[in-house]
Amino acid sequence: RCFMGDCSTSDGKPIVSLLFSKYGVRFALSYAGVSTFVMLGLFNLIVAIYIENTLNAAKTEGERTKAQRHRESVRVARLTRQLLKKFCAAERLLGGTLNHVSREGRRISGLNSWKDIGKALRASTIDDV
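If you're matching positions, the sequence shown starts at 74 in the working numbering and goes up one per residue.
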C-alpha cells in the first residue's frame, strides 16, 4: 500500500513516520532501499517491454518492406519482358526497314553497338516504369 502512494493509517497518520520513530534509522534505510529497488524494477520492466515491442515492430516492418521491394522487382521484370516482346514483334513486322532505321538512329544518337542500345533501352524502360 505504501508503494502506491497511500501510506497512512485509518486516522490519517503517516505510517512511515510512525515506523521511523519506533525503529529508527534501520527502518528508514530499509524502506528507502526497498522503495528504490521496487521503483527501478518497475521502470526496468516497463522499458524492457517498450523496447521489445519496438524491436518487433521494426522487424515486421523490415520484412514487409523487403517483400514489397521483391514484388516491385518482379513487376518491373514482367513489364520489361512484355515491352521486349512488343519490340521483337514490331521488328518482325517491319523487317528490314527497322534495321535501316536502327542504323540511322544509332548514327544520330551516337550509340555504336547493339549492346549500347540495350543499355539505353533498359535505362529508359526502368525510368518509364
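Just so you know, even glycine gets a beta-carbon here, dropped at the ideal spot from N, CA and C.
_So, for S81: in the same chain, excluding its five sequence neighbours on each side, which residues have a beta-carbon less than 8 Å away from its beta-carbon?_
Taking the first residue of the sequence shown as 1, we reach residue 81 at position 8. Answer for S81: P87, I88, listed in chain order.
*In three-state terms, what does DSSP make of S83?*
Here residue 83 refers to the residue found at position 10 when the sequence shown is read from its first residue. Reduced to three states, the DSSP call for S83 is coil.
*Verify whether the separation of the beta carbon atoms of F100 and F93 is less than 7 Å.*
Locating residue 100 in the sequence shown gives position 27, where the first residue counts as 1. Locating residue 93 in the sequence shown gives position 20, where the first residue counts as 1. Yes, these two residues count as a Cβ contact at 7 Å.
*asked:* Can you look up G97 in the DSSP assignment and give me helix, strand or coil?
replied: On the sequence shown, residue 97 is found 24 positions in, with the first residue counted as 1. G97: coil per DSSP, three-state reduction.
_Could you tell me the alpha carbon to alpha carbon distance between G85 and D79, rounded to whole angstroms?_
Working through the sequence shown from its first residue, we reach residue 85 at position 12. Working through the sequence shown from its first residue, we reach residue 79 at position 6. Looking at the two C-alpha atoms, the distance is approximately 10 Å.
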